Each structure stands twice: as structure tokens, then as C-alpha cells.
Amino acid sequence: MADTVGKPIQCKAAVAWEPKKPLVIETVEVAPPKAGEVRLKVLATGVCHTDAYTLDGFDPEGKFPCILGHEGGGIVESVGEGVTSVKPGDHVIPLYTPQCGECKFCKNPKTNLCSKISIPTCSPYHTQIFKDAAEKKNG
Numbered sequence: 001m002a003d004t005v006g007k008p009i010q011c012k013a014a015v016a017w018e019p020k021k022p023l024v025i026e027t028v029e030v031a032p033p034k035a036g037e038v039r040l041k042v043l044a045t046g047v048c049h050t051d052a053y054t055l056d057g058f059d060p061e062g063k064f065p066c067i068l069g070h071e072g073g074g075i076v077e078s079v080g081e082g083v084t085s086v087k088p089g090d091h092v093i094p095l096y097t098p099q100c101g102e103c104k105f106c107k108n109p110k111t112n113l114c115s116k117i118s119i120p121t122c123s124p125y126h127t128q129i130f131k132d133a134a135e136k137k138n139g
């Protein structure tokens, strides 16, 4: 993985272009991680109930296009500036939302719904990672 650190990579993703439409397997470009971000080599993923809720158009925070499949497992490929909780080569399980590690919910072993950081599954933040694929598809 060391040969991809700091460089954009291409990978396959299940893209939801709009609600209530089938997912499309696309080749997407993923930028190197920015400060505070981690890029994973995803080994397994699935579309869960939350993803289905978004895909059906019921999630008020859902934005399209988006990449579904936030439950899975992978290996840390590279980390952005300031990331100290994981390092390249670590095996990890992604969460639905990021964790600050400081609020009462992050410190509670019974929940992972951080009250300090809220980034919806299909937010513009997430869709940015496959901007080029969307531009090519839409002309």
C-alpha cells in the first residue's frame, strides 16, 4: 500500500445516483486523506438498514449522489495530518458517523452517535470523493 500514499487511487463503489433507483457499480477516484481523515482499503462492506432507508428516499439528511456501504472492515491505507488513533496497516471497522472521542456519547460504551460531529451518510462531504465519476457520467 505504500506506493499509493499521498496519491489519488481508483476503486469500485456502489453509487446511488438518486432515490429509489438501483445502485450502480462505478470506478471512483478517492483523493488522499486530508487533515483528520483516514483512507481505507475496504475488504468487505454491506448495505445495511440505514443505507436502505437513505436509498428509499426517507432519510431527511440523505443527499444524492452518494456511496453506500458504511458497514464493513478494512485496512488503513494512509492517514491525514493529525491522525494518531490509527496507522497504516491497522485493521479497522468503519462507523456510521465519526467520533470526537470527547463528548458524553463517545465516552459511553453503549452508543457511537457522536453529538459533536454530525456528517450524514450521503452528505456533500462524502460525495466529493467521487466528483470526477459524477462529472463524467453527467457530461
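Residue numbers for the sequence shown follow full-length UniProt numbering, so the first one is 1 and each next one is one higher.
Beta carbons are placed, not taken as given, at the ideal position from N, Cα and C, and that holds for glycine.
On a predicted model such as this, the values are computed, not experimentally measured, just so you know.
Would you mind reading off the limits of the beta strand (DSSP E) that contains residue i?
i: A44; result: 38 to 46
i: C114; result: Careful: C114 lies outside any beta strand (DSSP E) and carries neither H nor E.
i: E77; result: 71 to 79
Which class does residue i belong to by DSSP, given the choice of helix, strand or coil?
i: A52; result: helix
i: T27; result: strand
Rounded to whole angstroms, how far is the Cβ of residue i from the Cβ of residue j, which I believe are closer than 8 Å?
i: P65; j: W17; result: 5 Å
i: E77; j: L40; result: 6 Å
Just to confirm my understanding: we take residue i, look at its own chain, exclude 5 residues before and 5 after, and list those with CB closer than 8 Å. What are they?
i: L23; result: A14, V15, A16, V47, L55, L68
Which residues does DSSP list as the beta-bridge partners of residue i?
i: A35; result: According to DSSP, A35 bridges with nothing at all.
i: residue 140; result: For residue 140 there is no data in the structure shown, the boundaries of the chain being 1 and 139.
i: I67; result: V15
i: V92; result: G74
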